[in-house]
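To keep things clear, I will list the structure first and then write my remarks on it.
Residue numbers (this note's numbering): 135 to 500.
In structure tokens:
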């Protein structure tokens, strides 16, 4: 699930924590890593939160021996099927043998760990994460920015071309009926988190159900594919060195990923509706980045998938984001979010619904 600060509601700057979970001081982490990595230098280490909120919590752990990334579930109540550390670890480990760039995984710990929660360790990949802006001096020409956008599309196409059975992921999900289940899941999440009735959201949901397209193919689905869930090579413009945040990955309809990517994408000439519905900073509105139409054309060429129903998938992505924002607002009001700056979440719900309605109306008619 998209984390709060990744949706623009929190400062992603790393911050030192005195406690990383109820009942486990950061001093627990060092001895634990020293034992796992067979290196006593990890006993004295520094632990910094680099991603919190509703998503899995991500920590950078550093000592004289080097750096690793530790991921664990969020604090407080979570959905019973969400934040499965084993799934995230499993898919990244399997994809290490493919063209899809992922961090190297080290270790998977269970709920009986000293943290009192499951977790896993992976390498820290050096590069740029373009959350709010491109780094100064990086991809500073239109041609460079086009390469970044095109590579992102190519990585998504590569992911959707992976044979799950070949890479040990044949039982990673239930691809048949994927979008129907997604609609049910996010409808239930909306019912559980709404703080007021929103007939427009109910109407959008009903329209999505009524116009549900037939699934063409099955593939590994990332679940939250977008530019800032990747790490760009620090110097080689246009190269992606890692895809991050696999917590929602499964087997399903690959067009769910494409629809989400399009919903996150910004263009310079976006309508007022799309501007108000922007979850992310409009990094991709800069000159040179491919348009949504160009993304669709490139993805279709790379995969051979018929994209005549892509507007439905983009509309569903707006619906899902509206539900996510409402959930973030509800959790923030209940005090179960790490960090702050969540005031904008609830204000995004209505524009996202409107964007979803507009996108669904854009579908070609038979």
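We put the CB at the ideal spot given by N, CA and C, even for glycine.
Taking residue 232 as reference, the option from 314, 291, 357 and 165 with the minimal CA-CA separation is 291.
The beta-bridge partner set that DSSP reports for residue 262 consists of 366. For residue 180, no alpha helix (DSSP H) encloses it; the enclosing beta strand (DSSP E) starts and ends at 180–185. When only Cα atoms are considered, residue 172 and residue 364 end up about 30 Å apart. In this structure, residue 407 sits near residue 488, with a CB-CB distance shorter than 8 Å. Burial state of residue 189 is buried, judged by a 10 Å Cβ sphere holding 16 or more other Cβ atoms. Judged by pairs of C-beta atoms under 8 Å, the region 447–459 touches the region 390–397, as three or more such pairs exist. For residue 486, the uninterrupted alpha helix (DSSP H) segment begins and ends at 483–495. Put simply, the backbone Cα of residue 283 is about 17 Å away from that of residue 271.
One Cα belongs to residue 334, the other to residue 328, and the distance between them is close to 13 Å.
Closest option to residue 369, judged by alpha-carbon separation, among 424, 289, 278 and 434: 278. If you look at residue 232, you'll find it isn't in any alpha helix (DSSP H); DSSP assigns it neither H nor E. In this model, residue 478 and residue 300 are separated by some 43 Å (Cα to Cα). Per DSSP, residue 166 is one residue of the alpha helix (DSSP H) stretching across 163–171.
Per DSSP, the continuous beta strand (DSSP E) segment holding residue 257 begins and ends at 253–257. In this chain, the alpha helix (DSSP H) harbouring residue 285 covers 276–295. Linking residue 382 to residue 316 through their CA atoms gives a straight-line distance of about 12 Å.
Looking at 324, 346, 194 and 181, the one whose alpha-carbon comes closest to that of residue 497 is 346. Exclusion of the five residues before and after residue 276 leaves 421 and 422 as the residues of its chain whose Cβ lies within less than 7 Å of its Cβ. For residue 177, the three-state secondary structure derived from DSSP is helix. When the Cα atoms are used, residue 226 and residue 239 turn out to be separated by approximately 7 Å.
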